[in-house]
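K.L.:
Have a look at this one.
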Amino acid sequence: MKIHLVGNSVGGHLATFVAAARPDLVESLVLLNATPVWGANLPGWNGHLPAPWFPKIVGRYLFDRIRDLSVIEQYLKAAYGNSNAFDTELMQQIRECTEGPGGHAAFASILWSPPVTIKRDGRDISSFYDALKVIDCDVLLLFGAEDPRCKPAFAKRMLQVLEQRPGKALSRYVEAAGVGVSRYVNYVISFILDAIPFSHLYTCCESNSIAPTTRHPKQPPWC
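Counting in my numbering, the sequence shown runs from 50 upward without gaps.
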C-alpha cells in the first residue's frame, strides 16, 4: 500500500528524498514551506551521535534560544497571524516537547550533518533539486507568501524542476497569504481522510484557484 507523504519545513526536505528513494511506497507528496537546505555541513564532525564537546555546547546554546517561550511566541504570531489562535498554555506545551534528553545534541547534528544522499537507478543523489527530478508521484507545493525563511522563490524553482519531469505526474503550487499554511493543510488532509483521488485536489490548485469541475464538496481556502 502506498502512502500520501506530507512534510513541513525540514520535514519537507526529508520527505522529498524519501519519495525519490522509495517511489514504490509513495502515492503523492505534499511539501509545506519545504526548505531545499539541510544542515550547514560544518567541519569537524559528521553529525553522528553522540556529539563531541564543541558541537554539543553550540547545539545546547542555540537549542535553548529557539525553545525560549518568547521565541515560541514570535513563531506562533508569524504562523497564525491572529494572536487569539494560541495562548500561553499552547506555548508551554510546545516547550515541554523539547525538554526530553538529547534535544540539543540532535539539533547540533542537523547543523553539522552533510547533505542527505540516496541511491536511485545506480547513482548517488544528494541535491534536493536532483531528488525532485526523479520523483514519480504527484507533488503539491504549499508556501506562505510572507515566509521569511522558506521563501516562495524556492517553491517556484521547485515547480520548474517538477514540471520538467517526464511522464504524467502532476505538480501544482499554491501560495498562501501570510506566513502559515494551516488552513490549506486542513483541506489537503480532508482529501486524504476522505480517500478522494488526489487528482481532484490538483484540479482545485490550478492557477491558485478552484476549478468549476472539482467534485470535492468543500471549498478550498485558496479560491
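The beta carbon of each residue, even a glycine, is placed where N, CA and C say it ideally should be.
For Tyr-233, tell me which candidate among Leu-190, Glu-212, Glu-195, Asp-196 has the shortest Cα-Cα distance.
P.N.:
Minimum Cα distance to Tyr-233 is reached at Leu-190.
K.L.:
Quick one: Cα of Ser-239 to Cα of Glu-76, how far?
P.N.:
Between Ser-239 and Glu-76, the C-alpha separation is close to 16 angstroms.
K.L.:
Taking only the alpha-carbon atoms, compute the straight-line gap between Asn-82 and Val-223 and give it to the nearest angstrom.
P.N.:
Going from the Cα of Asn-82 to the Cα of Val-223 covers about 11 angstroms.
K.L.:
Nearest to His-62 by CA position, among Tyr-178, Glu-195, Leu-211, Asp-185, is which residue?
P.N.:
Considering only alpha carbons, the answer is Tyr-178.
K.L.:
Compare the beta carbon distance of Cys-186 and Ala-68 with 8 angstroms and say whether it is the shorter of the two.
P.N.:
Their beta carbons are under 8 angstroms apart, which means Cys-186 touches Ala-68 by this criterion.
K.L.:
Can you give me the start and stop residues for the beta strand (DSSP E) that Ala-83 sits inside?
P.N.:
Taken as a continuous stretch (DSSP letters only), Ala-83 belongs to no beta strand (DSSP E), as it is neither H nor E.
K.L.:
Tell me, please, which residues DSSP counts as bridged to Asn-57.
P.N.:
Bridge partners of Asn-57: Leu-81.
K.L.:
Would Gly-274 be called buried (16 or more neighbouring beta carbons within 10 Å of its own) or exposed?
P.N.:
No statement about residue 274 is possible, as the shown extent of the chain runs from 50 to 272 and does not include it.
K.L.:
Going by DSSP in three states, Lys-182 sits in which element: helix, strand or coil?
P.N.:
Lys-182: helix per DSSP, three-state reduction.
K.L.:
Going along the chain, which residues of its own chain have a beta-carbon closer than 6 angstroms to the beta-carbon of Pro-163, five neighbours each way excluded?
P.N.:
Only Asn-90 meet the Cβ criterion.
K.L.:
Spatial neighbours of Glu-145 within its chain, please: CB distance less than 8 angstroms, with the 5 preceding and 5 following residues excluded, ordered by chain position.
P.N.:
No residues qualify anywhere along the chain.
K.L.:
In the DSSP assignment, what residue or residues form a beta bridge with Leu-190?
P.N.:
DSSP output for Leu-190 lists Leu-80, Tyr-222 as bridge partner(s).
K.L.:
Hey, could you find the ends of the beta strand (DSSP E) Arg-214 is sitting in?
P.N.:
No beta strand (DSSP E) contains Arg-214, which DSSP labels as neither H nor E.
K.L.:
In or out: Leu-181 buried (at least 16 other Cβ within 10 Å) or exposed?
P.N.:
So Leu-181 counts as buried.
K.L.:
Over what stretch of residues does the alpha helix (DSSP H) that includes Lys-105 continue unbroken?
P.N.:
Per DSSP, Lys-105 belongs to the alpha helix (DSSP H) from 102-115.
K.L.:
Could you tell me which of Ala-155, Arg-109, Thr-147 sits nearest to Pro-99, measuring between CA atoms?
P.N.:
The shortest C-alpha separation from Pro-99 is found at Ala-155.
K.L.:
Should Pro-85 and Phe-192 be called a contact, given that it needs their Cβ atoms to be closer than 8 angstroms?
P.N.:
Against a cut-off of 8 angstroms, the Cβ pair of Phe-192 and Pro-85 comes out as no contact.
K.L.:
Cα separation between Lys-205 and Ala-218?
P.N.:
So the two alpha carbons sit approximately 17 angstroms from each other.
K.L.:
Which of helix, strand or coil does DSSP assign to Arg-172?
P.N.:
It is a strand residue.
K.L.:
So, helix, strand or coil for Val-165, using DSSP?
P.N.:
If DSSP states are grouped into helix, strand and coil, Val-165 belongs with coil.
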